[in-house]
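Visitor: I have a structure here, written as structure tokens, and I will follow up with some questions on it.
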Amino acid sequence: MKSTSFLLIAGALALASCSQDEPVSISQGHAVSFRPAIGTASRASETTNSNLSEINVTAIMGDTTFFHDLNYTKGSDGFFNSSIPYYWPEDNTPLTFYAYSPSADELGADFTINSKTQKLESYFVDTDIANQKDFITAVGTGSKKANEATGLELNFGHRLAQIELRAKADNPGYNFKVAGMIIGRPQLGGSYDFAKNEWTLDEWHDTDVLMSYCTPVDLTSTPVSIMGESGNAMLIPQTLVEWNHTGDPDNAARGAYLSVYVQITTKDGARVYPVPSDSTIDSRTGKPREYAWAAIPLSGTWEQGKKYVYTLDFSHGGGYTDPDDPLGPGLPILGDPIKFTTQVSDWDETDIPISYPAK
Numbered sequence: 008m009k010s011t012s013f014l015l016i017a018g019a020l021a022l023a024s025c026s027q028d029e030p031v032s033i034s035q036g037h038a039v040s041f042r043p044a045i046g047t048a049s050r051a052s053e054t055t056n057s058n059l060s061e062i063n064v065t066a067i068m069g070d071t072t073f074f075h076d077l078n079y080t081k082g083s084d085g086f087f088n089s090s091i092p093y094y095w096p097e098d099n100t101p102l103t104f105y106a107y108s109p110s111a112d113e114l115g116a117d118f119t120i121n122s123k124t125q126k127l128e129s130y131f132v133d134t135d136i137a138n139q140k141d142f143i144t145a146v147g148t149g150s151k152k153a154n155e156a157t158g159l160e161l162n163f164g165h166r167l168a169q170i171e172l173r174a175k176a177d178n179p180g181y182n183f184k185v186a187g188m189i190i191g192r193p194q195l196g197g198s199y200d201f202a203k204n205e206w207t208l209d210e211w212h213d214t215d216v217l218m219s220y221c222t223p224v225d226l227t228s229t230p231v232s233i234m235g236e237s238g239n240a241m242l243i244p245q246t247l248v249e250w251n252h253t254g255d256p257d258n259a260a261r262g263a264y265l266s267v268y269v270q271i272t273t274k275d276g277a278r279v280y281p282v283p284s285d286s287t288i289d290s291r292t293g294k295p296r297e298y299a300w301a302a303i304p305l306s307g308t309w310e311q312g313k314k315y316v317y318t319l320d321f322s323h324g325g326g327y328t329d330p331d332d333p334l335g336p337g338l339p340i341l342g343d344p345i346k347f348t349t350q351v352s353d354w355d356e357t358d359i360p361i362s363y364p365a366k
């Protein structure tokens with residue numbers, strides 16, 4: 008599915024002047040309203056035509072803010088309208104619109120939008136994947152003469168990268184049961200510039216371990232999502248520096264990796280990972296662990312508006328013990344690393360295979 012959508016500014020009139028004491032000249036057209044057209048959802052928190060109910064819009068006229076951070080809500084007719092109508096200037100002065108969703112409060116960030124600066128600042132990704140938001144923006148310029156009758160089209164884009172982990176296994180000797188996943192050590196803080204359409208990562212380079220559990224599933228040759236009820240992750244675009252599992256096994260450098268909460272048994276039922284003699288207490292169950300994390304280093308670049316589907320293949324190996332494994336990080340499991348391929352798309356299904364050699 009496409010990563011862009013549009014809002015149609017249908018008709019409109021003059022906008023309020025800076026001083027409330029001055030009269031406002033208006034035409035007899037329609038107030039500025041918006042109509043979205045966004046593709047089908049692939050996760051609960053992805054913004055779509057059906058679940059988008061509010062947007063925030065700022066209009067700039069030259070060096071003046073025409074209206075600021077005005078909330079538009081969707082009516083029963085599918086159009087978005089504000090509680091206070093604003094209209095195109097009668098003198099045909101062009102207006103530039105900066106629109107976004109969700110709100111600053113929902114994102115937990117600050118917006119500065121005026122004639123000189125148009126930025127999202129102090130943004131940090133929620134470490135709970137279930138709480139992460141799809142952030143969309145649009146910028147467009149229109150005027151009364153050009154757009155009052157025909158409307159102004161605003162093209163929205165997804166400004167984060169969507170990440171999904173899938174897993175499969177076609178191993179004649181072993182069974183793999185998966186109950187969770189980790190996206191390890193992505194950078195979480197940054198700012199977005201509307202005018203440049205680009206992100207700047209926070210100078211402190213804060214990272215974290217993003218974890219999600221799922222209903223245990225036995226892997227087969229058919230890939231299955233292991234994101235659980237949290238859905239796919241929505242993360243800041245960035246270039247990843249991979250975890251050095253041999254030179255820095257406990258990951259002091261905070262390199263990026265993927266990890267799977269897995270139980271490995273032989274076809275006859277003997278458990279080989281975690282080994283039965285492992286007496287480590289699982290913090291979730293309070294009992295000796297029956298699952299343990301199997302990790303693999305992750306490199307590459309995440310771009311905004313792209314969906315990355317990582318398919319981890321356990322057919323020929325089990326990866327490495329996790330950087331936080333209490334019995335020793337970075338150790339090979341079943342000898343060889345997990346292989347994986349990556350699908351990269353504008354939230355459709357264009358495949359880009361990646362070969363990941365053992366190190």
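For the sequence shown, my numbering begins at 8 and goes up steadily by one.
We put the CB at the ideal spot given by N, CA and C, even for glycine.
Bear in mind that the values here come from a model prediction, so they are computed numbers and not experimental data.
If we require 3 or more residues per run, which beta strand (DSSP E) segments fall completely within the stretch 112-144?
Guide: Listed in chain order, the complete beta strand (DSSP E) runs (minimum 3 residues) inside the stretch 112-144 are 117-120, 125-131.
Visitor: What whole-angstrom Cβ distance do P145 and L159 have, given they're in contact under 8 Å?
Guide: Per the sequence shown, residue 145 should be read as Ala rather than Pro. Between L159 and A145 the Cβ distance is about 10 Å, and since that is not below 8 Å, they are no contact.
Visitor: Who does F2 pair with in a DSSP beta bridge?
Guide: It is not possible to answer for residue 2, since the shown part of the chain is limited to 8 through 366.
Visitor: In angstroms with no decimal places, state the Cα-to-Cα distance between D215 and W95.
Guide: So the two alpha carbons sit approximately 47 Å from each other.
Visitor: With H, G and I counted as helix, E and B as strand and the rest as coil, what does DSSP make of N154?
Guide: N154 falls in the helix class under three-state DSSP.
Visitor: If you run the structure through DSSP and keep just helix, strand and coil, what is G238?
Guide: Three-state result, G238: coil.
Visitor: What are the partner residues of P295, as DSSP defines its beta bridges?
Guide: DSSP output for P295 lists I288 as bridge partner(s).
Visitor: Three or more C-beta pairs under 8 Å: does that hold for the stretch 320-332 against the stretch 291-303?
Guide: With the cut-off at 8 Å, the stretch 320-332 and the stretch 291-303 touch.
Visitor: Going by alpha carbons, who is nearest to G254 out of Y220, L338, P295?
Guide: The option with the nearest alpha carbon to G254 is L338.
Visitor: Grab the span of the beta strand (DSSP E) containing Y268 for me, first residue to last.
Guide: Looking at the DSSP string, the run of the beta strand (DSSP E) that includes Y268 is 264-273.
Visitor: Note down, in chain order, each residue of its chain lying with its Cβ closer than 8 Å to the Cβ of D213, except the 5 sequence neighbours on either side.
Guide: Only F131, Q194, L195, G196 meet the Cβ criterion.
Visitor: From E128, V64, E155, M188, pick the residue whose C-alpha is nearest to that of V269; which is it?
Guide: Checked all of E128, V64, E155, M188; the closest Cα to V269 is M188.
Visitor: Quick one: what's got a C-beta closer than 6 Å to A176's C-beta in the same chain, skipping five residues either side?
Guide: These residues qualify, in order along the chain: F183, L226, F321, S322.
Visitor: If you draw a straight line from the C-alpha of D353 to the C-alpha of G335, how long is it?
Guide: So the two alpha carbons sit approximately 39 Å from each other.
Visitor: Just confirm the distance between the C-beta atoms of Y107 and G191, as a whole number of angstroms; I'd bet it's less than 8 Å.
Guide: Not quite, the Cβ-Cβ distance comes to about 29 Å (not below 8 Å), so this is no contact.
Visitor: List the endpoints of the continuous beta strand (DSSP E) containing N63.
Guide: It spans 61-68 - the beta strand (DSSP E) in which N63 sits, taken as one unbroken run.
Visitor: Can you check DSSP and say which residues form a bridge with S352?
Guide: DSSP lists K314 as partners of S352.
Visitor: With the cut-off set at 9 Å, would you say A240 and L217 are in Cβ contact?
Guide: Closer than 9 Å, so yes.
Visitor: Give the DSSP-derived three-state secondary structure of I189 in the structure shown.
Guide: Three-state result, I189: strand.
Visitor: When the Cα atoms are used, what is the spatial distance from D84 to I233?
Guide: In a straight line, the C-alpha of D84 is about 38 Å away from that of I233.
Visitor: Please work out which residues of its chain come closer than 7 Å, Cβ to Cβ, to D141, disregarding the five sequence neighbours upstream and downstream, and give them in chain order.
Guide: Counting only Cβ-Cβ distances below 7 Å, and skipping sequence neighbours, we find S52, E53, T54, H165, L167, M241.
Visitor: Can you tell me the Cα-Cα spacing of G276 and G180, whole angstroms?
Guide: So the alpha carbons of these two residues sit roughly 10 Å apart.
Visitor: Work out the CA separation of Y79 and F86 for me, nearest whole Å.
Guide: Taking the straight line from one Cα to the other gives about 9 Å.
Visitor: Measure the CB-CB distance between N63 and F118 and report whether it falls below 9 Å.
Guide: Cβ atoms of N63 and F118: closer than 9 Å.
Visitor: With 16 as the cutoff for other CB atoms within 10 Å, does P230 come out buried or exposed?
Guide: Result: buried.
Visitor: Classify P281: buried if its beta carbon has 16 or more other beta carbons within 10 angstroms, exposed otherwise.
Guide: Result: buried.
Visitor: Report all residues from its chain with a CB closer than 6 Å to the CB of T72; omit the five preceding and five following residues, and keep chain order.
Guide: Counting only Cβ-Cβ distances below 6 Å, and skipping sequence neighbours, we find N121.
Visitor: What residues in its chain sit with their C-beta under 8 Å from that of L341, if we drop five residues either side in the sequence?
Guide: Closer than 8 Å at Cβ, skipping near neighbours: Y181, I271, V279, Y280, G324, G325.
Visitor: Below 9 Å between beta carbons: does that hold for S89 and L77?
Guide: Closer than 9 Å, so yes.
Visitor: Give me, in chain order, the residues of the same chain whose beta-carbon lies closer than 6 Å to that of T246; leave out the 5 immediate sequence neighbours on both sides.
Guide: Excluding positions up to five away in sequence, the list reads T308.
Visitor: Assign S219 to one of two classes, buried (16 or more other C-beta atoms within 10 Å of its C-beta) or exposed (fewer than that).
Guide: With 16 or more Cβ atoms within 10 Å of its Cβ, S219 is classed as buried.
Visitor: Residues bridged to V146 by DSSP?
Guide: Beta-bridge pairing links V146 to Y105.
Visitor: Using a Cβ-Cβ distance under 9 Å, would G158 count as near chain B?
Guide: In summary, chain B is missing from the structure at hand, where a single protein chain is found.
Visitor: Have a look at the DSSP bridge pairing and note the partners of K346.
Guide: DSSP, once it has assigned bridges, lists D320 as partnering K346.
Visitor: Tell me whether T55 sits in a helix, a strand or coil according to DSSP, three-state version.
Guide: T55: coil per DSSP, three-state reduction.
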